[in-house]
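Number of protein chains: 2
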Amino acid sequence: MNTEKPADKTTAPRRRAQGLGREVILETCLKLAGGTEPDALSFRKIGRDLGADPTALYRHFADKDELLLALADRVIARGMEGYDPSPRWDDSLRDLMLRTRASFLRYPQVATLAALRVTRQEGELKFIEAMLAALDRAGFEHREAVLVYRACGDFMLAWTGFSAGLVLLGEKSAQDDDAWVRSYAEVSAQQYPLAVASVQMMAEVMDEENHRFALDLLLGGIAARLER
Amino acid sequence: MNTEKPADKTTAPRRRAQGLGREVILETCLKLAGGTEPDALSFRKIGRDLGADPTALYRHFADKDELLLALADRVIARGMEGYDPSPRWDDSLRDLMLRTRASFLRYPQVATLAALRVTRQEGELKFIEAMLAALDRAGFEHREAVLVYRACGDFMLAWTGFSAGLVLLGEKSAQDDDAWVRSYAEVSAQQYPLAVASVQMMAEVMDEENHRFALDLLLGGIAARLER
DNA sequence: ACCTGAACACCGTTCAAGT
DNA sequence: ACCTGAACACCGTTCAAGT
């Protein structure tokens, strides 16, 4: 029955080396980008994990940039899975921004490298469509909705790139905070009374809560503008 | 008269090569970082401009990180020059955030590399002290002022890093926007009606106006929270 | 005390050569 | 048609050697 398929003799142990394809490459990249290693997505490391020469990637992507855009879109698409619009427009906006952010932060390397690019692919389209639909429901006229969308979208992307950078800094980021508190302790409290008195409290604010606080301030500002 | 000073015979043409010092290095770096070249701040390029071996920098800074923090603080300090608190707390906040952003964007290379770090030096202290003073005048209690400061500070730093990245992308960023419009023209308007109808308008929003719009939304949200 | 220069372990990318 | 591997022009950093 399977004598006509002599294929599976040496396929398993031997690494591919041919039949790579975009799909295998993208999934391998996401696996590598799941950690917090700063240079996890170098062509040499991707190649090693694929069991192929690093330059084999150039047969499937024009350059690293194209690979990154494809990865970023996949990350956005993954974040949109299971999205369900809420009756409240502000809950929808918050949900869309936080789920996309969370998906990017699962792949910090992708976030730092591609958060400021336009992917022009399916995931991005879904995100934008859902954001504009929520703003439409809120009652914004077309141009206003577009402006608010851009503000929200770039707010989320900019801060996500920032946060991903902190994740990739890792230990160094925590050391920064410690050093912050220590060094301000030696600073003139007469010259900088408020800063010196607040440094401990400032350093204790974690990035995620800080982001959500800012997001709520932003959404509050949008609501205030809508009422006007 | 000047026979007792035989120094200026060979000083002019000959590059320093000794007597580097942090001051000369920092100023040279800022000069190099004033353009939009992506890798303007490599040790090799800094060394070339100083007329010294690249590794001579290690006699004055522990590593690239320390150099970057010193540069970032100098950029913040420069942004604070001429700052004059306004009677209105929200005008002060806006002014502080925009002038620091503008200073960073004059040195985009420094902004991308150091916007997420804490410098723990003079410029940062001045900025924080002025921000907290404005929030104090607004009437926020201590802890609330600290939370709002963190939100505003990281909002500005995150977005500034984002914008600096766009500047360094340069031509590619403009191409992204063009390609955005073109590629959405081929997308199903039934599946993504809002996105397709809005892409031209979305792409026409420039980063600087977008940032100011978002900043005003944020400040509006802070004002709304204060009234509550 | 400070600068030099070779060396190390990395990058993305190109191109001629293999199969 | 696709993969390989040497090569090119870069990185930050270390360390022995110079002066």
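Quick note, the sequences are listed as chains A and B, same order.
For what it's worth, our numbering labels the leading residue of the first sequence as 1, then goes sequentially.
For what it's worth, our numbering labels the leading residue of the second sequence as 1001, then goes sequentially.
Cβ atoms here follow ideal geometry from the backbone N, Cα and C, with glycine treated the same way.
Within the model, the alpha-carbon separation for A:ASP176 versus A:SER163 is close to 14 Å. Under the criterion of beta carbons closer than 8 Å, A:ALA223 and A:ASP84 do not qualify as touching, at roughly 22 Å.
Taking a Cβ-Cβ cut-off of 7 Å, the neighbours of B:GLU1129 in chain A comprise TYR192, LEU194, ALA195, given in sequence order. Counted as a single uninterrupted DSSP element, the alpha helix (DSSP H) harbouring B:GLN1200 occupies residues 1193-1204. The contact set of B:TRP1159 on chain A, defined by CB atoms closer than 9 Å, consists of ASP154, PHE155, ALA158, TRP159, PHE162 in chain order.
Ranking B:GLY1021, B:ILE1025, B:ARG1225 by CA distance to the CA of B:GLU1141 puts B:ARG1225 first. DSSP, reduced to helix, strand and coil, places B:GLN1121 outside both helices and strands of the structure shown, so it counts as coil.
For A:GLU66, the number of other beta carbons within 10 angstroms of its own is below 16, and it is reported as exposed. Boundaries of the alpha helix (DSSP H) harbouring A:HIS211: 207-227, taken from the DSSP string. Separation of the CB atoms of B:PHE1213 and B:THR1160 is rounded to 16 Å, and the pair is thereby denied contact status at 8 Å. Taking the Cβ atoms as the reference, A:LEU96 lies roughly 14 Å from A:ALA145, outside the contact range of under 8 Å. Close CB contacts of B:LEU1116 within its chain, under the 8 Å cut and outside five residues either way in sequence, are with LEU1157, ALA1158, GLY1161 (chain order).
Three or more beta-carbon pairs drawn from the stretch 114-128 of chain A and the stretch 1174-1188 of chain B are found closer than 8 Å, and the two stretches are therefore classed as touching. Taking C-beta atoms as the reference points, A:GLY153 and A:TYR107 fail to come closer than 8 Å. One thing to note: B:TYR1149 has its Cβ within 8 Å of the Cβ of B:LEU1135.
Setting aside the 5 residues that flank it on each side, A:ARG137 is surrounded in the same chain by TRP89, each with a C-beta closer than 6 Å to its C-beta; the list follows chain order.
Between the beta-carbon of A:LEU93 and that of A:LEU219 there is about 6 Å, and that keeps the pair under the 8 Å contact cut.
The residue among B:GLN1190, B:GLN1121, B:GLU1204, B:LEU1113 with its C-alpha nearest the C-alpha of A:LEU147 is B:GLU1204.
With respect to B:GLN1121, B:ASP1178 sits apart: the two C-beta atoms are not nearer than 8 Å. The beta carbon of B:ARG1044 sits closer than 6 Å to the beta carbons of PRO1054 from its chain, once the five residues preceding and following it are set aside; these are given in chain order. Distance from the CA of A:ALA151 to the CA of A:LEU68, rounded to the nearest whole angstrom, comes to 23 Å. Under the three-state reduction of DSSP, B:PHE1140 is assigned to coil, being neither helix nor strand. DSSP, read as helix, strand or coil, puts B:ALA1040 in coil. In this structure, B:ILE1025 is the residue among B:ALA1040, B:PRO1038, B:ILE1025 with its C-alpha nearest to the C-alpha of B:ALA1052. Against chain B, the beta carbon of A:GLY165 has neighbours under 7 Å at LEU1116, listed in chain order. Following the DSSP letters along the chain, one finds B:ASP1091 inside the alpha helix (DSSP H) bounded by residues 1089-1106.
The beta-carbon of A:SER198 is placed less than 8 Å from the nearest beta-carbon of chain B.
In this structure, B:LEU1168 sits near B:THR1036, with a CB-CB distance shorter than 8 Å.
Interface annotation, A:TRP180: in contact with chain B, CB-CB separation under 8 Å. Under the Cβ criterion of 8 Å, A:LEU93 is not counted among the residues facing chain B.
When Cβ-Cβ separations below 8 Å define contact, A:ILE222 makes contact with chain B. For A:PHE155, the closest C-alpha among the options A:HIS211, A:VAL196, A:LEU113 is that of A:HIS211. It is roughly 40 Å from the alpha-carbon of A:PRO87 to the alpha-carbon of B:ARG1099. Chain-ordered listing is empty here: chain A has no CB closer than 7 Å to the CB of B:SER1103, the nearest sitting near 18 Å.
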